[in-house]
Structure formats: C-alpha cells, structure tokens
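Number of protein chains: 2
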Amino acid sequence: MGRWRVAGFRAAGVSCGIKGKGEKDLALFVSDLPAVSSVVFTRNLVQAAPLIWAKERARLSGIRCIVVNSGNANACTGPEGIRSVSRVVGEVSRVTGIEVEKILPSSTGVIGVPLPAERLLRAVPRLVKALSEDGFEEAASAIMTTDAYPKLTRRVIRVGGEKITLLGVAKGAGMIAPNMGTMLAYVFTDARLTAGDLRRIHRRCVEETFNRIIVDGDTSTNDTAAVVANGASAARTLSGEDLRDFELCLRELMEELALKIVSDGEGATRVVRISVEGTSTDREAERVARSVGTSLLVKTAVFGADFNWGRIVAAAGRSGVRFDPEKMEVFFDGARVFGPGLVPDPAGAAKGKRVVKKKFYEVRVRVGKGKGQYHVYTSDLTLDYVKLNSEYTT
Amino acid sequence: MGRWRVAGFRAAGVSCGIKGKGEKDLALFVSDLPAVSSVVFTRNLVQAAPLIWAKERARLSGIRCIVVNSGNANACTGPEGIRSVSRVVGEVSRVTGIEVEKILPSSTGVIGVPLPAERLLRAVPRLVKALSEDGFEEAASAIMTTDAYPKLTRRVIRVGGEKITLLGVAKGAGMIAPNMGTMLAYVFTDARLTAGDLRRIHRRCVEETFNRIIVDGDTSTNDTAAVVANGASAARTLSGEDLRDFELCLRELMEELALKIVSDGEGATRVVRISVEGTSTDREAERVARSVGTSLLVKTAVFGADFNWGRIVAAAGRSGVRFDPEKMEVFFDGARVFGPGLVPDPAGAAKGKRVVKKKFYEVRVRVGKGKGQYHVYTSDLTLDYVKLNSEYTT
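Same order as they appear, the protein sequences are chains A and B.
Those letters in the first sequence? Residues 1 to 394, per my numbering, in order.
Those letters in the second sequence? Residues 1 to 394, per my numbering, in order.
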C-alpha cells in the first residue's frame with residue numbers, strides 16, 4: 001500500500017474556482033463501504049451554514065463521505081448559505097450514489113461572503129471522477145487556506161495479527177487566519193468498531209489534543225473534527241484491550257496533527273508545551289495552563305527567545321485559581337528557574353537561557369497543593385502574525 | 001492656584017539612580033494634614049513586596065504619604081525585598097515625621113531583581129526637601145516606566161459655594177511593558193468625607209474605570225489604585241447629594257486616567273470602546289465584552305483599520321454566554337453592519353469602513369435577550385507591541 005492509503009477509502013482534490021488561479025479548493029473523501037463515524041463541531045455559538053445543515057440533516061454516526069471547500073467559510077450567509085450547502089450535498093449524493101444524510105459538508109475561508117454554489121456544483125462530477133486511493137495528498141492540499149503545507153499522518157497497529165490503518169488529514173489552527181482559518185481534522189480508518197465506542201473515544205481524544213492547542217485563543221465558526229471507520233480491515237471488531245490500543249493510537253495520531261497545526265500557526269516560529277501540576281483539580285490546572293498559554297506577554301517573550309519567567313509567574317498568578325504563591329516553582333525543560341519562596345532559582349538560569357532558543361520546549365509550573373494536572377501547546381506571537389492579521393482586508 | 005495643585009498636598013520627583021542616566025525614578029506625595037484613604041491592589045495572586053508589606057503594616061484607610069520608585073518592581077524578591085520596603089518606609093517616616101503605618105509604598109519596573117535599597121535611602125532626605133505644592137508633574141514623571149508622557153488630570157466641583165479639587169496622577173497600563181508595566185493611579189483631594197464613604201465610592205469607581213481597560217489582558221504583580229482625602233477644602237463634610245456629585249466627579253477623573261493609560265498602551269494607535277447590551281445580566285455582558293476586547297484577531301484588525309465584523313461576531317460567539325445568534329447585531333459608531341438573521345447589513349458597510357480608520361470609536365454588540373450591559377476599552381495590537389515585548393531582554 002502507498003504511503004497515504006487506507007483500505008476502502010478514496011479521496012480527491014480539484015480546483016473549482018473559488019480561490020482562483022487554478023488553486024485547489026474542493027476536496028472529497030469517500031468510504032467505499034458503509035461506515036460508522038463521530039463528528040465534533042466548534043463550540044462557538046455562531047456556526048457556519050454547513051454545520052447548521054449537518055446538525056439538522058446528517059446522521060453524524062454514519063458519515064461515509066466528506067465534501068470540503070476552502071476559500072469561503074459559508075458563515076454569516078443566512079438562509080441562502082444553507083440552501084447552497086443543500087444543493088452541493090445533493091449533487092455529491094446524486095453523482096456518488098451515497099445517501100444525503102451520510103455526507104458531511106465542511107467549509108473554510110472568508111466569513112460573510114455568499115458561497116459561489118454554481119462553481120462547486122459544476123465541479124462535483126469532475127471531483128467524483130478524480131477519486132482515487134492515492135488522492136489524499138491532493139485532498140489535503142485542497143482544504144488548505146493559509147497553511148504553509150498539507151498536513152497528513154498515518155499509523156498502523158496490529159490486532160490479532162491483522163493490520164489496522166489510521167490516516168489523518170488536517171488544516172489550519174483555530175482562527176489563526178483572518179476570517180479564513182478554521183481547524184478541520186479528519187481521520188479515516190479501516191478498523192471495525194461500534195459507533196458508540198468510536199464516539200466515546202473520539203471525544204476524549206479531541207479533548208486531549210485539538211482542545212489543547214492555542215494559537216490566538218479564538219475559535220472559529222467552522223471548526224470540525226471527524227473520524228470515519230469502515231471496517232475494511234481483516235481485524236476483528238475492537239473491544240476491551242484492542243479498543244484501548246486503538247484509542248492510544250488515535251490519540252497519538254491526533255496529537256501529531258494538533259502539533260502540526262500549532263507549529264504552522266501563522267507566523268509561528270516556536271511551540272511551547274505549558275504543563276501545570278499540583279493544583280487541587282485538573283480543571284484548575286487547565287485554567288492556569290490557559291492563562292499562561294494565552295498571555296500575550298508570554299507569547300511575545302517566546303518569540304523573542306527572552307528568558308522571562310516573570311511573565312509566566314504573573315500569568316499563573318492572575319488565572320483566578322487559588323494556591324500558595326510561596327510554593328510555586330517554574331521549570332524550563334526540567335531546570336528549575338523560579339521558586340519556592342517567590343524568588344528566582346539562579347541555578348537554572350543558564351540552562352533556561354539556552355532552552356528559550358529552542359524550537360520546541362516545555363515550561364512546567366508546579367504549585368504544591370494537589371494532584372491536578374493539565375497541559376496546552378502554545379505558539380509564539382510574532383511580527384508576522386500581526387502583519388498577516390492586520391493587513392488582510394475584507 | 002497652579003494647574004496641578006490641590007490644597008494641603010505636596011509632591012516631589014527625583015533621581016535616585018535606579019534607572020541611571022539621571023532619569024527621575026523616585027516620587028513622594030504627602031498630605032500636610034491627616035487624611036482618610038482607600039487603596040485597591042492587583043488581584044494577582046503573586047504580589048510584589050511593597051504590596052505584601054502594606055497589607056500587613058499600613059493602615060490603608062489612613063494613608064497620607066505615598067512613596068513610589070520606578071525601574072524596579074521589587075517583585076519575586078523574597079524576604080530581602082520586604083526588608084527593603086521596611087527600610088525605605090522607615091526612612092521616609094524619620095525624615096517627614098509621618099507615622100510608618102500612614103505611608104503607602106509602591107514600586108514598578110523589572111521583576112526578580114533585588115531593589116537597590118541603599119540608593120533609595122540616600123535619596124530620601126533630598127526627596128523630602130524637594131516637596132512642593134507644584135511638585136506633581138515631577139512626581140508624575142518619576143513614576144513612569146515605558147509611558148510616553150506623564151499622566152495628570154484635575155477636576156474642581158463646588159459644594160455649598162466652596163471649591164473641592166481632585167488631582168489624579170497615573171502611569172502605565174496593566175502589564176503592557178515587559179516585566180516593567182504596572183498601573184499606578186493616585187487621586188489626591190481636599191474633600192472632607194468619612195473613610196467608609198471614600199472606600200465604597202473608590203471601589204465602585206475602580207470597577208467602572210481601571211478594571212475596564214484592556215491592553216494585553218495581563219495584570220501585574222504591582223497594580224495599585226489609591227485615593228487620599230485630607231479635608232483641607234472649606235467645603236462641608238460630604239454626604240447625600242454632595243457625596244453623589246463627588247463620586248461622579250471622581251469616576252470621570254478616573255475614567256480620563258484610564259483612557260490615558262490605554263491610549264498610551266505600548267505601541268497603541270487606536271482605542272475602541274466595546275459596548276455589549278441585551279444579555280440577561282451585566283456579568284454576561286462583561287464576558288462577551290472581554291471576549292471581544294481581548295481577541296487578538298479583533299485587536300490586529302483594529303490596528304490595520306480592517307473593517308472586519310466577522311472577527312467580532314466570532315469572538316462574541318465563543319464567549320461562553322448563551323444567546324440566540326440570529327438576534328445578534330453589531331454597530332460601528334451607530335451604523336449597523338451585521339444582523340439580525342446572521343447576515344451582514346450592507347447598509348452600514350460604507351460607514352463602517354470609514355469608522356475603522358478613526359483613532360477612537362465604538363463597537364456595539366446587541367443580543368436581543370435582556371437588560372444586561374457592560375463596556376470595556378481596548379487598544380489595538382500593533383507591530384510595535386510585539387517588537388517592544390519580544391526584544392526586551394531580562
């Protein structure tokens with residue numbers, strides 16, 4: 001099997017003319033067999049037309065086809081936007097023979113501009129004809145907006161001597177791009193498992209991966225994460241230990257996609273894992289980690305390779321979580337640079353100054369209270385981020 | 001009376017050598033009479049040494065002297081930092097004859113560097129000698145860190161035919177500056193009122209002014225707002241209607257200081273008032289306003305004069321407050337540019353595109369639910385902000 005194949009799935013990416021200049025902007029993913037699926041959408045109250053349509057019309061546990069356009073978010077486009085989704089999905093259904101309710105639509109791009117539905121409709125027959133088991137790279141390119149490169153990853157595990165493959169395709173990070181960015185992340189697998197198991201596993205994995213990356217803290221109107229399992233593998237139906245192995249593998253694959261997304265955040269040059277431990281609860285650790293991970297002062301210091309533990313201490317202190325600051329400690333890749341006793345630890349300073357020059361490192365904040373822990377991945381705030389996001393014109 | 005005078009108060013600003021190059025870095029404010037006062041500190045769990053000292057040792061309702069150094073935050077400096085505060089306050093007390101517990105110390109500057117207490121101690125006699133009723137401008141300069149200009153403002157009201165003066169002095173905005181910014185805001189007035197009334201009024205005014213400005217969302221370890229009232233005016237003791245007039249005047253003065261602070265946020269070129277109305281509660285409106293006001297995508301769009309209502313809609317949608325997005329409307333200086341029905345309103349677009357070029361404008365978000373309302377002031381996120389905050393080296 002080729003590098004980006006998974007049994008029983010085909011994909012395609014073509015240009016339908018939304019972006020112009022012949023750039024690919026329309027992708028299709030199809031399982032040749034019926035499948036079970038799990039889909040998680042953005043928690044933003046404002047949702048784009050394809051999400052509104054899918055929640056009303058699609059059977060989210062039985063998706064076997066995903067159609068995605070880039071270059072236009074089809075968000076804030078009113079009833080006309082929803083009609084456009086309906087027409088595009090209808091055309092995909094007509095040409096592929098797959099029932100409408102088993103098709104998941106996604107869009108990513110500018111908000112508030114009507115979707116040029118005619119262009120998509122005209123391209124659908126060509127798109128379906130282009131479907132190929134080697135089409136995933138082209139499809140991954142077609143869903144990109146301001147991504148620097150297409151994002152694919154693949155894992156294989158063995159269950160009872162038989163291979164199961166997982167293939168992940170993703171784009172963009174949160175609203176990293178001006179009205180254009182959206183996180184889309186699809187996993188296709190030939191594993192056989194129940195829709196209920198898949199849903200439970202997928203939700204946990206989303207919480208532990210995509211929900212822990214911070215580019216700018218904004219969530220888009222279009223974010224969608226999905227996994228489709230068609231059972232084409234010869235392996236037995238997953239349960240018990242097998243199911244746990246599969247979950248670990250899925251989580252690892254999704255974490256890799258999440259890291260690809262955050263390290264390709266607009267203008268990003270570094271990624272830092274912010275780990276917090278010792279709070280009363282995991283929820284408290286999350287609040288501290290997000291306070292540090294979203295701090296503009298922390299993110300600009302990361303960009304400038306500035307050994308600036310003071311900003312981390314201040315961001316942890318303002319998180320709203322109660323702890324004894326006298327017991328707080330901060331580590332850079334394992335070297336303690338601050339605390340306890342609210343004073344810097346000069347022993348770690350030399351290492352800390354080296355660590356901040358790395359492309360990827362860990363900042364660990366320990367508050368001596370309980371067993372709570374959490375981590376997030378954050379990118380740096382760069383001059384390019386501000387340039388890209390201020391110079392864009394609607 | 002001179003422009004920056006208030007009866008019964010004197011001030012001074014000198015150079016004690018923390019900043020170097022002869023820059024002023026030590027300020028003193030003194031009431032010649034006993035006074036009542038109200039002091040509000042940062043809510044950050046991590047608090048600088050002068051705050052720890054003041055909470056333990058000062059009588060915060062009876063402050064009549066404030067000593068401030070810039071160039072060093074005296075934060076994360078351990079027990080030695082607290083000893084330094086004690087020594088400086090002791091020396092101010094010895095030279096002025098004012099009891100230690102009536103002196104409020106403040107510091108602003110780098111975190112984690114020991115305060116050079118000897119330099120401050122040597123300068124205190126000179127500082128006290130320099131006290132003058134015309135010393136407020138020099139004192140306002142001496143408390144600056146990266147501020148572009150000293151911040152003073154003054155108001156006069158009449159009570160029963162007698163004048164009451166309020167003089168405000170402030171610096172910096174949140175942690176706008178790398179380990180260096182802190183908001184300090186002092187108001188000196190010759191009004192006569194009870195410590196209880198002053199405290200109640202001051203807390204409300206802080207909530208409605210300083211707590212509503214957003215530069216980068218970080219709060220410092222040193223933020224301090226204080227008001228000192230010495231009763232030197234011939235006006236009667238404030239109560240009833242007089243007290244309400246005084247509160248309005250104090251709030252107006254503090255709002256002016258707050259706007260000076262946010263518009264002098266590092267690199268800031270524009271200030272936007274984000275007003276939210278129609279939520280169930282004021283608290284909900286606050287969450288929506290802060291979600292929009294802290295959004296990096298909104299702040300970069302403001303910088304680029306990009307007419308980008310989509311980012312405002314998305315930021316409101318992700319605030320966590322439940323409302324019907326179909327009813328949401330967005331206005332730029334009164335012109336509706338979005339909603340209802342989740343679609344743009346083309347009628348307002350031409351005005352909106354003009355409004356975003358202004359130095360100061362209002363974005364109003366209306367969600368048709370209840371009577372809740374709130375507003376914040378936010379500055380833009382600029383290339384200079386990232387440059388200043390990434391190139392600083394600890």
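Don't be surprised by glycine CBs; every beta carbon is placed ideally from N, CA and C.
Can you tell me whether residue i is buried or exposed? The criterion is at least 16 other CB atoms within 10 Å of its CB, across all chains shown.
i, result
"PRO344 (chain B)", "buried"
"PHE360 (chain B)", "exposed"
"VAL67 (chain B)", "buried"
"THR42 (chain A)", "buried"
"GLY348 (chain B)", "buried"
"ARG283 (chain B)", "exposed"
"PRO105 (chain B)", "buried"
"ASP25 (chain A)", "buried"
"VAL156 (chain B)", "exposed"
"THR237 (chain B)", "exposed"
"ASN179 (chain A)", "Reliability of the predicted coordinates at ASN179 (chain A) is poor, the pLDDT of 40 falling under 50, and the value obtained from them is presented with this limitation in mind. Buried, because 16 or more other Cβ atoms sit within 10 Å of the Cβ of ASN179 (chain A)."
"TYR149 (chain A)", "exposed"
"ALA177 (chain B)", "Because the pLDDT of ALA177 (chain B) is 36, which lies under 50, any placement of that residue in the model is unreliable, and the number read from its coordinates should be weighed accordingly. Result: buried."
"GLU162 (chain A)", "exposed"
"ALA404 (chain A)", "Because chain A spans 1 through 394 in this model, residue 404 (chain A) falls outside it and cannot be assessed."
"GLY174 (chain B)", "Confidence at GLY174 (chain B) is low in this model, with a pLDDT of 49, below 50, so its placement is unreliable and no value can be given for it."
"ASP324 (chain A)", "exposed"
"LEU193 (chain B)", "buried"
"LEU33 (chain A)", "exposed"
"SER239 (chain B)", "exposed"
"SER132 (chain A)", "exposed"
"ARG322 (chain B)", "exposed"
"SER390 (chain A)", "buried"
"GLY339 (chain B)", "buried"
"ARG364 (chain B)", "buried"
"MET1 (chain B)", "Note that MET1 (chain B) scores 48 on pLDDT, short of 50, meaning its location in the model is unreliable; the coordinates nonetheless yield the value given after this. Per the 10 Å Cβ criterion, exposed."
"LYS19 (chain B)", "buried"
"LYS260 (chain B)", "buried"
Taking residue i and residue j to be in contact with their CB atoms under 8 Å, please state how far apart those CB atoms are, rounded to whole angstroms.
i, j, result
"GLY143 (chain A)", "LYS102 (chain A)", "According to the sequence provided, residue 143 (chain A) is Ile. The question's Gly does not apply to it. In fact, because the Cβ distance is near 20 Å, the residues do not count as touching under 8 Å."
"LEU233 (chain A)", "ILE164 (chain A)", "The residue asked about is misnamed: residue 233 (chain A) is Ser in this sequence, not Leu. Yes, SER233 (chain A) and ILE164 (chain A) are in contact; Cβ-Cβ is about 5 Å, under 8 Å."
"THR269 (chain B)", "THR382 (chain B)", "6 Å"
"TRP4 (chain B)", "LEU166 (chain B)", "Not a contact, Cβ separation roughly 12 Å."
"SER31 (chain A)", "PHE9 (chain A)", "5 Å"
"GLY22 (chain A)", "ASN72 (chain A)", "Contact flag wrong, Cβ pair sits at about 17 Å."
"THR221 (chain A)", "ILE82 (chain A)", "Between ILE82 (chain A) and THR221 (chain A) the Cβ distance is about 14 Å, and since that is not below 8 Å, they are no contact."
"GLY317 (chain A)", "ALA335 (chain A)", "Not a contact, Cβ separation roughly 21 Å."
"ALA48 (chain A)", "ALA139 (chain A)", "The pair is not a contact, with the Cβ atoms about 20 Å apart (cut-off 8 Å)."
"ALA258 (chain B)", "SER291 (chain B)", "About 20 Å separates the two Cβ atoms, so there is no contact after all."
"ALA229 (chain B)", "ALA35 (chain B)", "6 Å"
Provide the residue span of the beta strand (DSSP E) that contains residue i, from first to last.
i, result
"VAL40 (chain A)", "36–41"
"CYS65 (chain B)", "65–72"
"VAL356 (chain B)", "It is not in any beta strand (DSSP E) - VAL356 (chain B) carries neither H nor E in the DSSP assignment."
"SER379 (chain B)", "372–379"
"SER31 (chain A)", "26–31"
"ALA48 (chain B)", "Run containing ALA48 (chain B): none; DSSP gives neither H nor E here."
"ALA185 (chain A)", "184–189"
"ALA7 (chain B)", "Unbroken run through ALA7 (chain B): none, as it is neither H nor E."
"LYS151 (chain A)", "151–159"
Grab the span of the alpha helix (DSSP H) containing residue i for me, first residue to last.
i, result
"SER132 (chain B)", "SER132 (chain B) -> no alpha helix (DSSP H), and no H or E assigned at all."
"ILE453 (chain B)", "Outside the shown range of chain B, which is 1 to 394, sits residue 453 (chain B), and nothing can be said about it."
"PHE210 (chain A)", "Unbroken run through PHE210 (chain A): none, as it is neither H nor E."
"ALA139 (chain A)", "136–142"
Report whether the distance from the Cβ of residue i to the nearest heavy atom of the ligand GTP is below 6 Å.
i, result
"LEU259 (chain B)", "Ligands are entirely absent from the displayed structure, and the ligand GTP is therefore not among its contents."
Exercise. Enumerated in chain order, which unbroken segments of the beta strand (DSSP E) with a length of 3 residues or greater are wholly contained in the stretch 58–129 of chain A?
Worked result: 65–72 and 103–110
For this session: For the stretch 224–286 of chain B, list the alpha helix (DSSP H) runs that are entirely contained and at least 4 residues long, ordered along the chain.
Result: 240–263
Exercise. Can you list, in chain order, the residues of the stretch 124–152 of chain A whose Cβ is nearer than 9 Å to any Cβ on chain B?
Worked result: none
For this session: Identify every run of the alpha helix (DSSP H) within the stretch 282–358 of chain A, keeping only runs that are complete inside it and at least 4 residues long; order them along the chain.
Result: 282–294, 296–303, 309–317 and 349–355
For this session: Scan the stretch 8–41 of chain B for residues whose Cβ lies nearer than 7 Å to a Cβ of chain A and list them as they occur along the chain.
Result: none
Exercise. Which of the residues in the stretch 76–95 of chain B, read from start to end, lie with their CB under 9 Å from any CB of chain A?
Worked result: CYS76, THR77, GLY78, PRO79, GLU80 and GLY81
Exercise. Relative to chain B, which residues along the stretch 278–296 of chain A have a C-beta separation below 7 Å, given in chain order?
Worked result: SER295 and LEU296
Exercise. Which of the residues in the stretch 299–310 of chain A, read from start to end, lie with their CB under 8 Å from any CB of chain B?
Worked result: THR300, ALA301, PHE303, GLY304, ASP306, PHE307, ASN308, TRP309 and GLY310
Exercise. For the stretch 308–337 of chain A, which residues have a beta carbon sitting closer than 9 Å to at least one beta carbon of chain B?
Worked result: ASN308, TRP309, GLY310, ARG311, VAL313, ALA314, ALA315, ALA316, GLY317, ARG318, SER319, GLY320, VAL321, ARG322, PHE323, ASP324, PRO325 and MET328
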